[in-house]
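When we follow the numbering used here, the leftmost residue of the sequence shown carries the number 4, and every step to the right adds one. Glycine included, C-beta positions come from ideal geometry on N, C-alpha and C. These numbers were taken from a predicted model, which means no experiment stands behind them. Note sheet for the following structure.
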Amino acid sequence: MAQPTKPVTLSMEQIGEVNQKLSALRHDMNNSLSLIAATVALIRHRPAITEQMWNTLAEQPRKIGESFSQFSHDLEATLHISRP
Numbered sequence: 004m005a006q007p008t009k010p011v012t013l014s015m016e017q018i019g020e021v022n023q024k025l026s027a028l029r030h031d032m033n034n035s036l037s038l039i040a041a042t043v044a045l046i047r048h049r050p051a052i053t054e055q056m057w058n059t060l061a062e063q064p065r066k067i068g069e070s071f072s073q074f075s076h077d078l079e080a081t082l083h084i085s086r087p
């Protein structure tokens with residue numbers, strides 16, 4: 004990963020955008036983790052629905068990964084970090 008060779012200066016607008024994207028990432032993470040916790044609790048109380056709820060659980064790691072990837076891509080673009 005190539006890092007900038009000179010200091011990077013961000014405008015107040017860019018800092019605000021990064022903060023908004025970080026806030027969206029936190030929101031997405033909390034949603035996914037809350038859904039995982041709720042699904043596990045539901046399965047504990049109603050084991051018969053385990054098969055039905057499995058897809059909900061299985062989707063969460065992909066969603067979390069996509070959220071992190073998008074934030075990472077946006078942050079790298081803002082900081083002028085390039086990937087080989």
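**Study point:** Pairwise C-alpha distance: threonine 59 and glutamine 17
**Key:** Taking the first residue of the sequence shown as position 1, residue 17 is located at position 14. Taking the first residue of the sequence shown as position 1, residue 59 is located at position 56. If you take the alpha carbons of glutamine 17 and threonine 59, they lie about 35 Å apart.
Review point. Nearest CA to the CA of alanine 40: which residue from Gln23, Gln63, Leu28 and His30?
Key: The residue given as residue 40 occupies position 37 in the sequence shown. For alanine 40, the nearest C-alpha among the options comes from Gln63.
Review point. Ordered along the chain, which non-local residues of its own chain (more than five positions away) have a Cβ less than 6 Å from that of alanine 5?
Key: By 1-based counting over the sequence shown, the position of residue 5 is 2. Leaving aside the five residues that flank alanine 5 on each side, the residues in its chain whose CB is nearer than 6 Å to its CB run, in chain order, Ser85.
**Study point:** Same chain, Cβ closer than 7 Å to arginine 65, neighbours up to 5 away in sequence not counted
**Key:** Within the sequence shown, residue 65 is the residue found at index 62, counting from 1. None.
Check your understanding: Would a C-beta distance cut-off of 8 Å place threonine 42 and methionine 32 closer than the cut-off?
Key -> Translated into positions along the sequence shown, residue 42 becomes position 39. Translated into positions along the sequence shown, residue 32 becomes position 29. No, the Cβ-Cβ distance between threonine 42 and methionine 32 is not below 8 Å.
Practice item. Have a look at serine 37 and arginine 47 and give me their C-alpha separation to the nearest angstrom. Key: Here residue 37 refers to the residue found at position 34 of the sequence shown. Here residue 47 refers to the residue found at position 44 of the sequence shown. Pairing serine 37 with arginine 47, the inter-Cα distance amounts to about 15 Å.
Exercise for review: Please report how far the alpha carbon of leucine 25 lies from the alpha carbon of glutamate 79, in whole angstroms.
Suggested key: Reading the sequence shown from its first residue, position 22 is the one you call residue 25. Reading the sequence shown from its first residue, position 76 is the one you call residue 79. Distance between the alpha carbons of leucine 25 and glutamate 79 is about 13 Å.
Point to revise | Beta-carbon proximity list for histidine 76, same chain, < 8 Å, skipping 5 on both sides | key: Taking the first residue of the sequence shown as position 1, residue 76 is located at position 73. Within the same chain, histidine 76 has no close Cβ partners at all.
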